[in-house]
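To keep things clear, I will list the structure first and then write my remarks on it.
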Amino acid sequence: MDRPTPILFELRIDPPEALARLKAVLSDGPSTFLTDDPSPVATRTYLDTFDGRLHRAGRLLAFTPGRRGGRLELETLDGELVRRARSDEPHAFAEQLPPGPLAEEVVSVIAPRRLLPVAELRDPGVGLRLVDELDKTVVRLDLLGGTVAPGDGPWLWGDRPPAPAPMPPLLLVRPVRGYEEAFQAAISLLEDRLAEELARATDDILTQALAVLGRGPRDYSSKLRLELDPEASAEAATREILWTLLATMRANEEGTRLDLDPELLHDFRVAVRRTRAVLGQVRGVFPAADVARFKKGFAWLGGATGPTRDLDVYLLKLPDYRAGLPRRIQPHLDPLGTFLQEHQRIEQAKLARLLRTKRYRTLLRDWEAFLKREPREEEQEEAPGTENARRPIRQVASERIWKAWQRVRRRGAKITSESEAAELHRLRIACKKLRYLLEVFRSLAPADQLQPPIQALKKLQDNLGDFNDYEVQQKRVAAFADQMVNEDLAPVPTLLAMGRLQARLDRGQRKERRRFEKRFRRFTSKDQRRRLEKLFKPDATVEC
Amino acid sequence: MRVFATYNIKGGVGKTATAVNLAHLSARDGYRTLVWDLDPQGAASFYFRIQPKIDGGAKRLIKGKLDPSRLIRGTDFLDLDLLPADFSYRHMDLALEDSGDPTRRLAHLLLPLSEEYDHLFLDCAPSISRVSEGIFVAADALLVPTIPTTLSLRTLDQLHRHLSKKGPKRLQVLPFFCMVDRRKKLHRRIVAEISEASPYPFLETQIPYSSLVEQMGLHRAPLTSWAAPSTPPVRAYEELWDEVMRQSRGSRQ
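The listed protein sequences derive, respectively, from chains A and S.
Count along the first sequence from 1, then add 829; that gives the number in this note's numbering.
Count along the second sequence from 1, then add 180; that gives the number in this note's numbering.
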């Protein structure tokens, strides 16, 4: 059934004047008049993850403190209420939200990320209502104004949080179920009589509030969003890619240091890995000496940030580990959780220190300077190993992708049911390199052509990744057990439970092994081969 | 969707006040809540300032010719909607009789609403009838406001006899005392006697007698929306709601 959704208007007059005009205009409506909503609020804080997951899912989450306890409201971008919950504070992690339908929906969208206060509306305005002859509310109106301040939490978007600024005046008109006619009448009245003063808004409330602070709700994304010019020189394009990756590292640095949620470090590390892949895979673009220096630097950074991520991963897996064991022995894994948390804390502290060391800061500063440097013509001629620098990126990228793809095919074809785990591991690495290249250079090929092979490759990688993960996890669980015994943290039932866990991981690994052949066949099917040939085969490259 | 029905064979015991206030608390807790005012007198509709009228009347609604979700109206409170009463509900028995499946028809009508709402409160007219039998089938829990008079025990026994013969087994019956004056020795004695002899265990919460509850008619809004949170009846309704939710969680495990 079609029910009207709320409508948001931008106002061209200030709230005090707007209030008087609205009253005058709406009082002329069909037997309805206006009263002030008895419960104005002092602040309204919008919450979302660092990468705006709620906003991407079409949701706004706002916390409002109140005399009778605060509340959380989950709304659509239109302003239609989806779920409410009582809560005395704006919680950071989904697990801390008051249990109920709101928490369920929020968790399903944001896990394992954390909520951050992104913007705070102060004195956000007045609530107005249209009522019928029984004083019954038939239309709700919110006149919004006041100021916008950055959320009262860690400010992750740049060095210093911006100063509070005035919120653009908005009017949100919300229907009440069963009184659609009154809603339509109010909208018509407003649009007819206040045509000069208001216009339908194109952006939601949060987008408008953040715009005042010079931000947007989806400013950060872990996805590489690049639009490369295919005819640009390989050097310019590669610089652009690496610059974007550096920006991702910078964006996640502060949150990683504060350990706000595990995804920050993860994204940071992915950017480091992609940087290393580009340096290693896109050859002949930068002077060999520079490449060697920075490859070494980022290899160090990747290694140094590894232990914390490793423990994060096991902490994230722990609920699944528990769920895979019979209910009565599930609590036996609790000491493993304590052990992991304790070690995560230690490694995280080391990581936080590392991000302040001279070595780290110098690496990133030098790297930034290197990427900013304008190459001088003659220098380029002289520098050894830059033969590709001035060729178009389209050509250079195609060659690299073609080689990486051939390598995947070759290694994969050799694998039989007898093959050792090490061979699958080698194939996994080859796939990874191909995937990085495809993603980094994604904008050079038409999306509909590239999407199917990327999807099939992703499935194959999931299979190889899971197979490898099971292998690694079995070794790690054994190592954890050893360490726990040494630290006197492992009661016998816990060790027995970990033994059962090992057996489960082994079963999982064998299952993935059986799936491999099918996944590989799908990725190297005739269709996929043709697509990749058409896009990347040297000589056969078609203009797109 | 969990369905609560406020029900008593006897009239004037605080059924509507219970439905309206608990529904308001349910919505305040973030549950999408609907009240269906089944009483032809339309007291719940009155409290929410909504005209007790549905175009087409009970007959067409029961026949399935009216989509109940088109009749629903939002109240003044977020997450709290009302399916209004209609004077024709006094003939609902006949309409149910005509529908071919009188006991299950109401439950069937509610089915499409179960996606949209978490809690449904049925505010029922007194008496035992086809309508109440339908409600016993549709409801998960029967909230039975009981006033401290000796007659109340009789009505509880009647309900028990009826339900043990005809009622669905899974139906929770939750009686509680209403309009209790703790200062009256007689009330205290009757409360003790009825609790002792009742076929169903009583909830612990008692709703005290209070002129505030009577003032709901002047405010035309749930007591819990305008009276001070510290007043005894507001506190009692909050406790009652907590207890009902605890009971309903317990019964689902």
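Glycine included, every Cβ here is placed at the ideal spot set by N, Cα and C.
What does a CB cutoff of less than 7 Å around residue 1278 (chain A) pick up in its chain, not counting 5 residues either side in sequence? Counting only residues of its own chain and dropping the five nearest sequence neighbours on each side, residue 1278 (chain A) has a CB closer than 7 Å to the CB of 1360 and 1364.
Output the distance between the C-alpha atoms of residue 310 (chain S) and residue 283 (chain S), rounded to the nearest integer angstrom.
The C-alpha of residue 283 (chain S) is placed about 7 Å away from the C-alpha of residue 310 (chain S).
Distance, Cα to Cα, residue 1045 (chain A) vs residue 429 (chain S)? A straight line joining the alpha-carbon of residue 1045 (chain A) with that of residue 429 (chain S) spans about 42 Å.
Requested in this report: Note down, in chain order, all residues in the segment 1003-1022 of chain A with a beta-carbon under 9 Å from any beta-carbon belonging to chain S.
Outcome: From the segment 1003-1022 of chain A, only 1004, 1005, 1006, 1007 and 1008 have a Cβ closer than 9 Å to chain S.
Q) Is it buried or exposed for residue 1218 (chain A), if we count other Cβ within 10 angstroms and need 16 for buried? A) By the neighbour-count rule (16 or more Cβ atoms within 10 Å), residue 1218 (chain A) is buried.
I'd like the ranges of any alpha helix (DSSP H) spanning at least 4 consecutive residues and lying wholly in the segment 1034-1090 of chain A. When DSSP assignments are scanned along the segment 1034-1090 of chain A, the uninterrupted stretches of alpha helix (DSSP H) that are 4 or more residues long and fall wholly within it turn out to be 1034-1041 and 1063-1087.
Review point. If we ignore side chains and look at the alpha-carbon of each, how far apart do residue 916 (chain A) and residue 903 (chain A) end up?
Key: Note on geometry: alpha-carbon atoms of residue 916 (chain A) and residue 903 (chain A) lie some 13 Å from one another.
Just checking my contact of residue 329 (chain S) with residue 355 (chain S) at CB under 8 Å: how many whole Å lie between their CB atoms?
-> With 8 Å as the limit, residue 329 (chain S) and residue 355 (chain S) do not qualify as a contact, their Cβ atoms being about 14 Å apart.
* Any chance the segment 990-1004 of chain A sits against the segment 1019-1038 of chain A, with 3 or more Cβ pairs inside 8 Å? -> Touching, yes, given that three or more Cβ pairs across the two stretches are closer than 8 Å.
| Comparing alpha-carbon positions, which option in A:1285, A:1270, A:1290 and A:1318 lies nearest residue 1060 (chain A)? | Ranking A:1285, A:1270, A:1290 and A:1318 by Cα distance to residue 1060 (chain A) puts A:1270 first.
For residue 1007 (chain A), tell me which candidate among S:248, S:195 and S:286 has the shortest Cα-Cα distance. The shortest CA-to-CA distance from residue 1007 (chain A) to any of S:248, S:195 and S:286 is the one to S:248.
Next on the checklist: Against residue 914 (chain A), what residues of chain S qualify as contacts under a CB-to-CB distance less than 9 Å, listed in chain order?
Outcome noted: Taking a Cβ-Cβ cut-off of 9 Å, the neighbours of residue 914 (chain A) in chain S comprise 209 and 210, given in sequence order.
Item to check | Burial state of residue 836 (chain A) (16 or more Cβ within 10 Å) | outcome: Looking at its Cβ environment, which holds 16 or more other Cβ atoms inside 10 Å, residue 836 (chain A) is buried.
Quiz prompt | Backbone CA spacing between residue 270 (chain S) and residue 1145 (chain A) [nearest angstrom] | solution = Distance between the alpha carbons of residue 270 (chain S) and residue 1145 (chain A) is about 59 Å.
* To do: Please name the residue, chosen from A:1297, A:1275 and A:1231, that lies closest to residue 1256 (chain A) on a Cα-to-Cα basis.
  => Checked all of A:1297, A:1275 and A:1231; the closest Cα to residue 1256 (chain A) is A:1297.
Any contact between the segment 297-316 of chain S and the segment 358-367 of chain S? By contact I mean 3 or more CB pairs, one from each, below 8 Å. Taking 8 Å as the limit for Cβ pairs, the verdict is that the segment 358-367 of chain S does not touch the segment 297-316 of chain S.
(request) Quickly, what does DSSP pair residue 969 (chain A) with across the bridge? List them, please. (result) Residue 969 (chain A) is bridged to A:958 and A:1003.
Does any residue of chain A bring its CB to less than 8 Å from the CB of residue 261 (chain S)?
So, interface residue.
- prompt: Since residue 965 (chain A) meets chain S, which of its residues come closer than 7 Å, beta carbon to beta carbon?
  reply: Under the 7 Å cutoff, chain S gives 229, 230 and 256.
Quick one: Cα of residue 952 (chain A) to Cα of residue 874 (chain A), how far? Going from the Cα of residue 952 (chain A) to the Cα of residue 874 (chain A) covers about 11 Å.
>> Below 8 Å on the Cβ atoms is my contact criterion, and I expect residue 227 (chain S) with residue 400 (chain S) to pass it. Report the Cβ-Cβ distance as a whole number of Å.
In response: That pair is a contact at about 6 Å.
Inset, instruction - Please check if any C-beta of chain A sits within less than 8 Å of the C-beta of residue 433 (chain S). - result: Residue confidence is low: residue 433 (chain S) scores 45 on pLDDT, short of 50, so the model does not pin down where it sits. No coordinate-derived value is stated.
Would you mind telling me which residues of chain S sit closer than 7 Å to residue 929 (chain A), beta carbon to beta carbon, in chain order?
In chain order: 210.
What do you reckon, are the CB atoms on residue 402 (chain S) and residue 188 (chain S) nearer than 8 Å? Taking 8 Å as the Cβ cut-off, residue 402 (chain S) and residue 188 (chain S) do not qualify as a contacting pair.
Proximal residues, the segment 390-424 of chain S versus chain A, C-beta separation under 7 Å: Within the segment 390-424 of chain S, the residues whose Cβ lies closer than 7 Å to some Cβ of chain A are 409, listed in chain order.
Taking C-beta pairs closer than 9 Å, name the residues in chain S that residue 910 (chain A) reaches, listed in chain order. Chain S residues near residue 910 (chain A): 258 and 259.
- Quick one: which residues of the segment 265-298 of chain S get their C-beta closer than 9 Å to a C-beta of chain A? List them in chain order. If you check each beta-carbon in the segment 265-298 of chain S against every beta-carbon of chain A, the ones closer than 9 Å belong to 298.
Alpha carbon to alpha carbon, how far is residue 1341 (chain A) from residue 1292 (chain A)? Give it in angstroms, no decimals. Rounded to the nearest angstrom, the two C-alpha atoms are 6 Å apart.
field: Contact with chain A by residue 362 (chain S), beta-carbon distance below 8 Å
entry: No - not a single Cβ of chain A is within 8 Å of the one on residue 362 (chain S).
field: CB contact below 8 Å: residue 426 (chain S) versus chain A
entry: Taking Cβ atoms only, chain A never reaches closer than 8 Å to residue 426 (chain S), which makes this a no.
Original post:
Starting from residue 323 (chain S) and walking both ways along the beta strand (DSSP E), at which residues does that stretch end?
Top reply: Residue 323 (chain S) -> beta strand (DSSP E) spans 321-326.
Q. Considering only residues of the same chain and omitting the five flanking positions on each side of residue 231 (chain S), which have a CB-CB separation below 8 Å?
A. Excluding sequence neighbours, residue 231 (chain S) sits near 225 and 264.
Would you report the Cα separation of residue 1241 (chain A) and residue 1349 (chain A), rounded to the nearest angstrom?
Here the alpha carbon of residue 1241 (chain A) sits roughly 7 Å from the alpha carbon of residue 1349 (chain A).
Self-check item: Per-residue DSSP class, three states only, for residue 204 (chain S)
Solution: In the structure shown, residue 204 (chain S) sits in a helix (DSSP, three-state: H, G or I).
Mind pulling the chain A residues with CB within less than 8 Å of residue 252 (chain S)? Correct list: 1006 and 1007.
In the structure shown, what three-state DSSP assignment does residue 437 (chain S) receive?
No answer is possible for residue 437 (chain S): it lies beyond the span of chain S, which begins at 181 and ends at 433.
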